[in-house]
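Single-structure report; data block below.
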Amino acid sequence: MIIGQIRDGIVLDHITAGKGMDIYKILGLGELNCTVAMIKNADSEKMGKKDIIKIGRVIDLDFDVLGYIDPGITVNIIRDGALAKRERLTLPERITDVIRCKNPRCITSTEQELRHEFKLTDREKGVYRCVYCEAKAKR
Amino acid sequence: MRSLIDIKDLTTGEIEELIAVAEDIIAHPQAYAHRCAGKKLATLFFEPSTRTRLSFEAAMYELGGNVIGFSSAQNSSTAKGESVSDTVRTVSCYADIIAMRHPKEGAPMVASRRATVPVINAGDGGHNHPTQTLADLLTIHREKGGFRNLTIGLCGDLKFGRTVHSLMSAMARYEGTRFVLISPEELCIPEYVKSEVLEPQHVPYTEVRELEPVMHELDILYMTRVQRERFFNEADYVRLKDTYILTEDKLRTAKSDLCIMHPLPRVNEISVSVDDDPRACYFKQVLYGKYIRMALMLKLLEEANV
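As structure tokens, then:
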């Protein structure tokens, strides 16, 4: 399968196989009017299989959201047909309004318009806790 | 604006400074009798409390200040649907410092982000209760002369017991601390307390199901109540509530200088006959709680410069 090179845009590489569609939806890529290519189960020396997303325009990405969903992703920014910048994501220290606290005893369950904030408490195990009640986020 | 939401908000040095001030208040109460003259404490208690609210109020009166507030959500605009944020922004206009108890976990943190005066967490559901921990630490300091090389038995509800988690977090900082965790399997210490508090600091601990075989090892025995309000299922509460009851008979093998503590209220987990034992420290804990709250309010008001 041949998918053309992009001149200006973003390539999200090394997406864990199977997570590509989740990322496509969460980033709202279906709303864009530029070219967007979603490649599933591409062969990868490092990962065996991987997903790749190519976006035919440089858009603002929430790296914290991406890092939380799949910290192994590589973000390649392409300008004038050449690689302008490459970022390897890691788990962000904090995420806001990406996930919701499920603890029924948490103040976020009753207080209106409170942002759902989580902080990383164990990088090795990828554990996030609600900043209010410290309940562990369910991934 | 500096608030106290979690015991971890205080450094070891700050805790020791608070204890030193509390000791000085105990020794020289008259020197502090007017230190908060003209200041107002707002006690915002959205759920019932005897000790904590009265302790805060007594503490402020003994510092020469005044107290306003409410003692249940029904007596506040919460009953009309007002948010915590709006309540504390309003109260910030009337008071110099706020002590808040709320059934929802994290409510005092929300309050501290909105208030323009210091907020003290006076208990948020099953989550944090930092001034109880400060009271516990002052008790340990006075009864044991310091914090090092203590074997601390924690008995009862170690799962939902917020005072247990906070005390462990505070005592894990000290050299020679060892915990003996005594609970039924259903109420044992959560995994995250082990992985995020005990293991990173290499604090030794053992988990046991019975109290009597470990009694002789303990310098401190911290008893807790199995709390009805933390259970969604009444049957589970009834099944577990009488698991451990401390009696004089069970204390036969205990050290002569054991310090028996309890955050109170108790139901039946410590027999009334133990109250006369010189090792029973739980009513002293109540008294020390007032002094440490005096020290804390002084510190936060001074830092807020009001």
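Chains as they are written, first to last, in our numbering: chain A, 1 to 139; chain B, 1001 to 1306. Backbone N, C-alpha and C define an ideal beta-carbon position, used for all residues, glycine too. Computed from a prediction, not measured in an experiment: that's the story for all the values here.
Asked, Found
"Residue 1088/B to residue 1007/B span [Cα, whole Å]", "21 Å"
"Counted within 10 angstroms of its Cβ, other Cβ atoms place residue 1133/B as buried (16 or more) or exposed", "buried"
"Range covered by the beta strand (DSSP E) that runs through residue 1221/B", "1220 to 1223"
"Given residue 103/A as reference, the closest of 92/A, 135/A, 110/A once Cα atoms are compared", "135/A"
"Alpha-carbon to alpha-carbon, residue 115/A and residue 1218/B", "44 Å"
"Cβ of residue 97/A within 9 Å of any chain B Cβ", "no"
"Chain A within 9 Å of residue 1107/B, Cβ atoms only", "yes"
"Coarse secondary structure for residue 1125/B, derived from DSSP in three states", "coil"
"Proximal residues to residue 1299/B (C-beta, below 6 Å), its chain only, five neighbours per side dropped", "none"
"Contact set for residue 90/A: own chain, Cβ-Cβ below 7 Å, skip 5 residues either direction", "67, 71"
"Residue 93/A at chain B interface by Cβ criterion, 9 Å", "no"
"CB contact check: residue 1021/B to chain A, cutoff 9 Å", "no"
"Inter-stretch contact at 8 Å, needing at least 3 Cβ pairs: the stretch 9 to 23 of chain A / the stretch 36 to 46 of chain A", "yes"
"Proximity of residue 141/A and residue 59/A at Cβ, strictly below 9 Å", "The question about residue 141/A has no answer, for chain A in this structure spans 1 to 139."
"9 Å Cβ cut-off: residues of chain A touching residue 1104/B", "105, 106, 107, 108, 109, 110, 111, 132, 133"
"Members of the stretch 1188 to 1200 of chain B near chain A, C-beta cut-off 9 Å", "1192, 1195, 1196"
"Beta-carbon gap between residue 1059/B and residue 1084/B smaller than 9 Å", "no"
"First through last residue of the alpha helix (DSSP H) which encompasses residue 69/A", "63 to 69"
"Status (buried if at least 16 other CB within 10 Å, exposed otherwise) for residue 25/A", "exposed"
"Residue range of the beta strand (DSSP E) that includes residue 1013/B", "First-last for residue 1013/B: 1012 to 1027, but that is the alpha helix (DSSP H), not the beta strand (DSSP E)."
"Amino acids of chain A, ordered along the chain, whose beta-carbon sits closer than 9 Å to that of residue 1092/B", "Near residue 1092/B there are no residues of chain A at all, since even the closest Cβ is about 17 Å away, more than 9 Å."
"Chain A within 9 Å of residue 1124/B, Cβ atoms only", "yes"
"Member of 1082/B, 1112/B, 1128/B, 1080/B whose CA lies at the smallest distance from the CA of residue 1103/B", "1128/B"
"Test: residue 1273/B CB closer than 9 Å to a CB of chain A", "no"
"CB contact below 9 Å: residue 32/A versus chain B", "no"
"Assumed close pair residue 1144/B, residue 1259/B - CB separation to whole angstroms, cut-off 8 Å", "6 Å"
"Exposure of residue 1225/B, with buried meaning 16 or more beta-carbon neighbours within 10 Å", "buried"
"8 Å Cβ cut-off: residues of chain A touching residue 1226/B", "Under the 8 Å cutoff, chain A gives no residues; its nearest Cβ is about 17 Å from residue 1226/B."
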